[in-house]
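What follows is one structure encoded as structure tokens, with my remarks underneath.
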Amino acid sequence: MEILITGGTGFIGSHTVVELIKQSHSVTIVDNLSNSSLSTLSNIEKITNTTVPFYEVDCSDKEKLNEVFKTKQFDGVIHFAGLKAVSESIELPLLYYRNNLDSTLSLCEVMESNNVSNLIFSSSATVYGSVKELPLTETSPTGQGITNPYGQTKYMLEQIIKDIAVSHPDWRVSLLRYFNPIGAHESGLIGEAPNGIPNNLMPYIAKVATRQLPFLRVFGDNYNTKDGTGLRDYIHVVDLAKGHIAALRHLADQENNVEIYNLGTGQGTTVLELIKTFEQASEVQIPYEIADRRPGDIPACFADVSKPKKELNWQATKTILEACQDTWRWISKNSD
Ligand code: NAD
Ligand code: UFG
């Protein structure tokens, strides 16, 4: 298939591009490079030994996006482009609502006018908000207790895309709710590279391991989890990338023209367990201190993954240890 990837030089997009090319799909990338760099493109090309057409375009720019759509007839779009830092979204809500909503609305309009009707959208487990009943299934309630503008954009965009699909019965849409993506490509050439001090646990641990940060603060040790620290469903980014290909393959056979899938492992790992596993993978000690709970955090979150297993014939296979090993390889090579 001929696939357009928005946000294709970002963390999850770049790994998905690699997996698509491995499966003989043709890929074109659009990214405004607001949170990624061209070095990722050359590393994708090194891994795949393929030249990937790239356009430095903001998805909100309909005119330029339309020009990209005129270069070939795309069979589908995987839409990763968006801003994703939770704390930044609280400081800069207008930027987040403008960027994430505008880019998606423009993309859908340009898809419509170019008769492209297959869409895979990057959603997030954040849409489940403060739901307490675990594991989370695709039918668990959404939109309640979302604590930040970033999460709201994902919830709103799911509603918007569902409405578009109602008015366009020929569209085939897959809304993929990611749990906590971690890890990197085994080559050590692509991985996660957040700007500044990371918010998320794994990139923070990685910076402590390379001694760019002195210690980790563990946000709370009095939750009702096995060791009192927060529990999440960490999924290796290469497994996540493969989930997109499974969803793409299944689009034409979907029972409804919009389907939702949880992409997680179904397993929960605590903060202390992740620290220990990273120490094992890297043979580096991770100093940490117990701190107060982080406002807005939920105690625990993990997916029920029976729907993607049954319908997409997909499940995560990589372990947390492999994710830590791959992160360590990536960060050791690229700590500057
Ligand atoms: P990322 O920041 O590494 O990648 C996103 C890419 O989109 C970046 O390369 C950025 O430059 C680009 N971009 C942003 N706004 C754009 C715009 N208007 N036009 C064109 N390009 C634009 O993030 P990621 O971790 O790869 O996440 C990809 C998607 O998955 C995002 O939509 C994110 O919200 C979603 N998601 C991520 C996580 C996570 O923890 N990483 C979890 C759930 C959902
Ligand atoms: N944590 C720490 N110290 C840190 C960072 C995190 O103890 O320095 C803890 C958190 O308290 C939480 C766990 O590590 O218990 C995971 O935190 P992350 O920030 O890595 O991830 P979250 O589950 O809070 O949120 C992430 C993304 C969201 C996304 C959500 C579900 O940031 O955008 O996963 O996909 F919505």
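Per this note's numbering, the very first residue in the sequence shown carries number -5; after that it's consecutive.
Ideal placement from N, C-alpha and C gives every residue a C-beta, glycine not left out.
Checking 8 Å against the spacing of the C-beta atoms, do serine 100 and tryptophan 165 come in under that value?
no
Would you report the Cα separation of proline 293 and glutamine 67, rounded to the nearest angstrom?
Computed Cα separation, rounded: 46 Å.
Could you tell me whether the region 77 to 88 touches the region 219 to 230, using the rule of 3 or more Cβ pairs below 8 Å?
Under the 8 Å Cβ criterion, the region 77 to 88 does not count as touching the region 219 to 230, having fewer than three qualifying pairs.
Regarding valine 299 and ligand 2, is the C-beta to nearest heavy atom distance less than 7 Å?
no
Find the nearest neighbour of phenylalanine 272 within the set Thr204, Cys53 and Trp308, judged by alpha-carbon distance.
Relative to the Cα of phenylalanine 272, the nearest Cα in the group Thr204, Cys53 and Trp308 belongs to Thr204.
Which residue comes first and which comes last in the beta strand (DSSP E) that contains asparagine 174?
174 to 176
Cβ-based neighbour list, glycine 70, same chain, cut-off 6 Å, excluding 5 preceding and 5 following
Ile(-3) and Asn112
Asparagine 93 lies in the alpha helix (DSSP H); which residues open and close that run?
87 to 107
Glycine 7 - DSSP class collapsed to helix/strand/coil:
helix
Contact defined as beta carbons within less than 8 Å: I believe histidine 73 pairs with phenylalanine 115. What is the distance between those atoms, to the nearest angstrom?
5 Å
Taking the beta strand (DSSP E) that tyrosine 122 belongs to, which residues open and close that run?
Note, tyrosine 122: premise wrong, no beta strand (DSSP E); not H, not E.
Decide if glycine 4 is buried, meaning its Cβ has at least 16 other Cβ atoms within 10 Å, or exposed.
Taking a 10 Å sphere around the C-beta of glycine 4, we find 16 or more other C-beta atoms and assign the residue as buried.
For leucine 210, report the span of its beta strand (DSSP E) as first-last.
210 to 213
Using C-beta distances below 6 Å, list every residue in its chain close to glycine 145, excluding the 5 sequence neighbours before and after it, in chain order.
Thr120
Delimiting residues of the beta strand (DSSP E) encompassing glycine 70
Run containing glycine 70: 70 to 73, per the beta strand (DSSP E) assignment.
Residue closest to threonine 42, alpha-carbon to alpha-carbon, out of Ile23, Val51 and Leu14:
Sorting Ile23, Val51 and Leu14 by C-alpha distance to the C-alpha of threonine 42 places Leu14 at the top.
Pair every Cβ in the region 271 to 287 with every Cβ in the region 235 to 242, then say whether three or more of these pairs are closer than 8 Å.
no
Looking only at C-alpha atoms, which of Arg171, Leu266, Arg211 and Ser276 sits nearest to lysine 301?
Arg171
Out of Lys40, Lys126 and Ile269, which has the shortest C-alpha to C-alpha gap to glycine 182?
Lys40
Could you check the C-alpha separation between glycine 214 and leucine 195 for me, to the nearest Å?
If you take the alpha carbons of glycine 214 and leucine 195, they lie about 13 Å apart.
Excluding the five sequence neighbours on either side, which residues of its own chain have a C-beta within less than 6 Å of the C-beta of isoleucine 158, listed in chain order?
Cys102
So isoleucine 325 and alanine 200 are in contact, right, with Cβ under 8 Å, and what is the actual spacing, rounded?
About 4 Å separates the beta carbons of isoleucine 325 and alanine 200, which is inside the 8 Å limit, making them a contact pair.
Given the structure, does arginine 205 come close to ligand 2, in the sense that its CB is under 7 Å from one of the ligand's heavy atoms?
For ligand 2, not one heavy atom lies less than 7 Å from the Cβ of arginine 205.
Report the rounded CA-to-CA distance for leucine 151 versus valine 265, giving the unit in angstroms.
Looking at the two C-alpha atoms, the distance is approximately 30 Å.
Round the Cβ separation of leucine 268 and tyrosine 217 to the nearest angstrom and send it over; I've been treating them as touching at under 8 Å.
Contact flag wrong, Cβ pair sits at about 14 Å.
Would you mind giving the Cβ-Cβ distance between glycine 260 and proline 135, rounded to the nearest angstrom? I have them listed as a contact below 8 Å.
Not quite, the Cβ-Cβ distance comes to about 19 Å (not below 8 Å), so this is no contact.
What's the gap between the Cα of phenylalanine 81 and the Cα of asparagine 193?
It should be noted that the sequence gives serine, not phenylalanine, for residue 81. Distance between the alpha carbons of serine 81 and asparagine 193: 8 Å.
Residues that histidine 230 bridges to, as DSSP identifies them
Ile176
Please confirm whether histidine 19 and valine 231 have their CB atoms less than 8 Å apart.
For histidine 19 and valine 231, no; Cβs fall outside 8 Å.
Between which two residues does the alpha helix (DSSP H) carrying serine 326 extend?
314 to 327
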